Amino acid sequence: MDKSPLSPLFDPRSVAVFGASPSGSSVGGLAYANLISGGFDGAIYPINPKYKKIGETECYRNIAAISKEVDLAVIATPARTVPGIMRDCAATGVKAAIILSAGFSDGDQKGRAYESQVMHEARKGGIRVLGPNCVGLVRPWLGLNATFLKSQAPKGRLAMVSQSGALISAIADWAGPHHSGFSAMVSLGSSLDVDIGDTLDYLVNDPKTDAILLYIEGVKDAPNFMSAMRRAARLKPVIVLKSGRHAVSARAAHTHTGALIGSDEVFDAALERVGAVRVNTLGQLFAAAELLANTKKTSGDRLCIITNGGGAGVLAADRAGDLGISLPPLSEPTRKALDKILPAFWSHANPVDILGDATPDAYGAAVKAAIADAEVDGVLVLLTPQAMTDATVAAQAVKDALPKRNSKPVLACWMGEDVVAEGRILLSEAGVSVFETPERAVEGFSYLAQHHRNRKLSLEVPRARAFEQGLDLDGARMIIANALAAGRSILSDTESKALLSAFNIPVNLTFEAKTANEALIAAETVRFPVAMKISSPDVSHKTDVGGVKINVAHAASVTRAFHEIIGSVKSAMPDAKISGVTVEAMSHLRQARELVIGASRDPVFGPTILFGAGGTMVEVMKDSAVALPPLNSVLSERLINRTRVSKALESFRDYDPVDRAALVDVLKRISIIVSELPEIIELDINPLFAGPDGVLAVDARITVARPPSNDGRYDHMAIHPYPRHLARQTFLRDGTPLTIRPIRPEDAEHEKQFMRDLSNEAKMMRFMGSVNELSPELLAQFTQIDYRREMALVAMAEIDGQSVQVGVARYVINPDWKSCEFAVVVSDRIQSQGLGTKLMKGLFKAAQDHGLHVIEGTVLRKNTPMLRLMKDLGFTQRPDPDDHDVVIVEREL
8 MDKSPLSPLF DPRSVAVFGA SPSGSSVGGL AYANLISGGF DGAIYPINPK YKKIGETECY
68 RNIAAISKEV DLAVIATPAR TVPGIMRDCA ATGVKAAIIL SAGFSDGDQK GRAYESQVMH
128 EARKGGIRVL GPNCVGLVRP WLGLNATFLK SQAPKGRLAM VSQSGALISA IADWAGPHHS
188 GFSAMVSLGS SLDVDIGDTL DYLVNDPKTD AILLYIEGVK DAPNFMSAMR RAARLKPVIV
248 LKSGRHAVSA RAAHTHTGAL IGSDEVFDAA LERVGAVRVN TLGQLFAAAE LLANTKKTSG
308 DRLCIITNGG GAGVLAADRA GDLGISLPPL SEPTRKALDK ILPAFWSHAN PVDILGDATP
368 DAYGAAVKAA IADAEVDGVL VLLTPQAMTD ATVAAQAVKD ALPKRNSKPV LACWMGEDVV
428 AEGRILLSEA GVSVFETPER AVEGFSYLAQ HHRNRKLSLE VPRARAFEQG LDLDGARMII
488 ANALAAGRSI LSDTESKALL SAFNIPVNLT FEAKTANEAL IAAETVRFPV AMKISSPDVS
548 HKTDVGGVKI NVAHAASVTR AFHEIIGSVK SAMPDAKISG VTVEAMSHLR QARELVIGAS
608 RDPVFGPTIL FGAGGTMVEV MKDSAVALPP LNSVLSERLI NRTRVSKALE SFRDYDPVDR
668 AALVDVLKRI SIIVSELPEI IELDINPLFA GPDGVLAVDA RITVARPPSN DGRYDHMAIH
728 PYPRHLARQT FLRDGTPLTI RPIRPEDAEH EKQFMRDLSN EAKMMRFMGS VNELSPELLA
788 QFTQIDYRRE MALVAMAEID GQSVQVGVAR YVINPDWKSC EFAVVVSDRI QSQGLGTKLM
848 KGLFKAAQDH GLHVIEGTVL RKNTPMLRLM KDLGFTQRPD PDDHDVVIVE REL
């Protein structure tokens, strides 16, 4: 309900400039001049005790001298003065500040002290701070240029957010000649307060912003980043350029998994999870800006290429193949249309080669036909300047061929320079994105296609599954606690497998033996043949040091193998602490493939999960993929499919396909382990045998550490996992068993049926309008929620042996992050059973756990039962000043 707390920053009514001057060479002077010349229609107040006037405008000694309210302070004074300025701003009610000044954390110890003082004053006064050490903020639609840039960015519908001020400057200078306009340009600087996540949260709701470009050097707050990115990318294309792709991690790795996961690979996994599109070069970012500023969204990845030069068409087709962009065959109507206007020997295929002597009419007709083809999602028009070609007239023909309401993107590449320059300008002015090379044009289209693909993937519904039963969380926690109490950070093989078994992951029976005689007893217990392995917290790769013997078939062989293993490891690693050996049954899983599944802790994004080809050559093969937990069946399948070994999981030669469901189940259970047990730093199952009859964890290694004492339940996670602790069993008044639990993506069918079964009156009361069927987008929005920002509790009743959804209550956190807005609806057949009260009380607890202070909502005045429930639950009620038919209800938590 509340306005964004960043509104005073992005949409101010008045601005004060500290350090304003008549000089065009100072930061404050440039910022003030930009505000004056930008066309901002709010009040602008220069502040500098050195001047009485700047031009014809009164200049103030300090902000207290201004009698009017100031929304935004732009500060361009030495770092030592900023804490005092912030104190004065807080005293006069300023709500946002842009600190252009440097010399804070980028400087010496004094600078860091100034930074601490600035934030102390800002928090005390409720001031949101952009910067310090930033270029500032541009809002072209408002005429607001609160920067010291020399270029004015034109108006448009593209937002640019950057951790580099230099990049903002370059893009602002590039924008004009390329007919690319911006809704916002934001330089984050040191992100002392306002960061990427905060900025995205504002821009995703900005009606002037259709797409967002990000330049990132690092992520400070991964949970906020992931949450904001996910929300933004679901609604608008988000293109990300991140520098530092080849930075080497200094983190020592105890396991295969730790050695394989690099920080850039994790960042890729993070972007894939939220649905953003990554580019790797500045040129690609410029191409994305060109495209998104001028081009329609696409509804697929099918591209039609039109060219007057075979070579150019082949280059474009090659790049399309690299990027997974399909070139569909032309439909029969399209071929017939082209036959009428092209020579008989045109290509009759895609790319459409209209030949070197193609006339402007041929270009126009080809573009019209391609746009009309139902099998085509986008059109790329290539022109090479040949003797018979007039590039400008051809461009005009393409422009004229565009329908007034074109729903498909049309891209162009007029190759060359001088001869094609006028044609490029003409196309660009017509809203066609123009590229200099065929490859860059195809890359541009791929960004649109990938955004469409990401949105489509986000609507996939995971397979329904039973609510996790039989997970022994308490037992797993005790295993870890005992190891930590003993001063150990690495669990033994038997402890590691016991922990996996507590989460119902199949493991082979394993015993630990400190002596040869204990090894013999263990071997007789599990039955021959057995495998024997060194038991040592210091040995990560047992095979490398002679620490493994397999197919030990006889009693005498056990004693010999025991001494050989101990001797070999002592020789290779004299300082290793050796506990003995483990003895386990040889695994005989039919047609087993050796895989690796693991988890590791990234310093930025927290737990990550790895899947790939396993065995002793895992690091050499390097066939693995990484994902961020939590995982469901859809996400697990995607992780598997990103590896080469996934092909070996299917049928080939005389091998049957592996039990894919069992493999996915292990990934989901590993996800639960790292979500619920923040003590786990690394986890390695190598090998995990997978065959047609199931899976088996043959070797496991787990590293643990005490989490910070002040961490909350899921503070170690970049993505908030399913809050299973909120689930509870209860009964309706008539004795019907009831489960109230958080909603999950697998509930899509339950939610859809629940909405279908609601009466029209109930739908009107809930949505204050007519809703017949939930669209796939709305269904995903309702069931695939971000638990860090919202909560939905579903009531599942056991009726006639079936689990049926009979109610749902949800809240969404307001922009102030202190309050939330709720909604609740109960099935028409479950009335007067106290269900509404149970759902609301569950919602209260979830909101309190999240640190929220107020819950509020809107109720139709005629919804008497709901208003009565609100009164019983302690809500205050007041009329909505904007709608007489609505009552606003509110309650402190």
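Numbering-wise, the sequence shown is residues 8 to 900 according to this note's numbering.
Built from N, CA and C at the ideal position, the CB exists for glycine as well.
Given the structure is predicted, the values throughout are model-derived calculations rather than measurements.
- When secondary structure is reduced to three states using DSSP, T790 falls in the helix class.
- Nearest C-alpha to A830 among Y818, W824 and I837: Y818.
- Nearest C-alpha to D18 among L900, Y794, N152 and L842: N152.
- Per the C-alpha coordinates, the member of I378, E805, R868 and R600 positioned closest to M775 is R868.
- Excluding its 5 nearest sequence neighbours in each direction, A755 has C-beta neighbours in its own chain below 7 Å: V468, L786 and T790, listed in chain order.
- Taking 3 residues as the shortest admissible run, the region 714-745 contains the following complete beta strand (DSSP E) segments, listed from N- to C-terminal end: 735-738.
- In the three-state DSSP reduction, L846 falls in the helix class (H, G or I).
- For R342, the CB contacts under 8 Å within the same chain, skipping 5 residues up- and downstream, are H355 in chain order.
- M593 has its alpha-carbon roughly 23 Å from the corresponding atom of F618.
- In the structure shown, the three-state DSSP call for K157 is coil.
- Scanning its chain for C-beta atoms nearer than 8 Å, with the 5 sequence neighbours on each side dropped, one finds around T883 the residues V896, E897 and R898, in chain order.
- Under the three-state reduction of DSSP, L646 is assigned to helix.
- The C-beta distance from E601 to P664 rounds to 16 Å, too long to meet the 8 Å contact threshold.
- One thing to note: G150 has its Cβ no nearer than 8 Å to the Cβ of K102.
- Boundaries cannot be given for W824, as no alpha helix (DSSP H) includes it and DSSP labels it neither H nor E.
- The DSSP assignment places 310-314 as complete runs of the beta strand (DSSP E) inside the region 303-342, in order along the chain (cut-off: 3 residues).
- Counting only residues of its own chain and dropping the five nearest sequence neighbours on each side, S234 has a CB closer than 7 Å to the CB of G204, D793, R795 and R796.
- The straight-line gap separating the alpha-carbon atoms of P536 and V588 is approximately 16 Å.
- A straight line joining the alpha-carbon of D764 with that of L781 spans about 12 Å.
- For K869, there is no enclosing alpha helix (DSSP H), as DSSP gives it neither H nor E.
- L390 has its alpha-carbon roughly 14 Å from the corresponding atom of D368.
- The three-state secondary structure of I175, taken from DSSP, is helix.
- DSSP places W148 in the helix class (H, G or I) of the three-state scheme.
- Within the model, the alpha-carbon separation for V801 versus A816 is close to 7 Å.
- G62 and P29 have their C-alpha atoms some 7 Å from each other.
- Secondary structure at V778: coil, using DSSP grouped into helix, strand and coil.
- Counting only residues of its own chain and dropping the five nearest sequence neighbours on each side, T550 has a CB closer than 8 Å to the CB of T623.
- Runs of beta strand (DSSP E) with 3 or more residues, each lying fully within the region 576-625, are found at 587-592, 600-609 and 613-620, listed in chain order.
- The three-state secondary structure of F569, taken from DSSP, is helix.
- In the structure shown, P783 falls within a helical segment according to DSSP collapsed to helix, strand and coil.
- If you look at R431, you'll find it isn't in any beta strand (DSSP E); it sits in the alpha helix (DSSP H) that goes A428 to E436.
- Inter-residue distance for R238 and P244 is about 11 Å (C-alpha atoms, whole angstroms).
- Linking A448 to I348 through their CA atoms gives a straight-line distance of about 26 Å.
- Judged by beta-carbon spacing, S678 lies within the 8 Å limit of L638, meaning their Cβ atoms are closer than that value.
- Nearest neighbour of L880 by Cα position, chosen from D856, L842 and D890, turns out to be L842.
- Spanning the alpha carbons of E450 and Q291 requires a straight line of approximately 8 Å.
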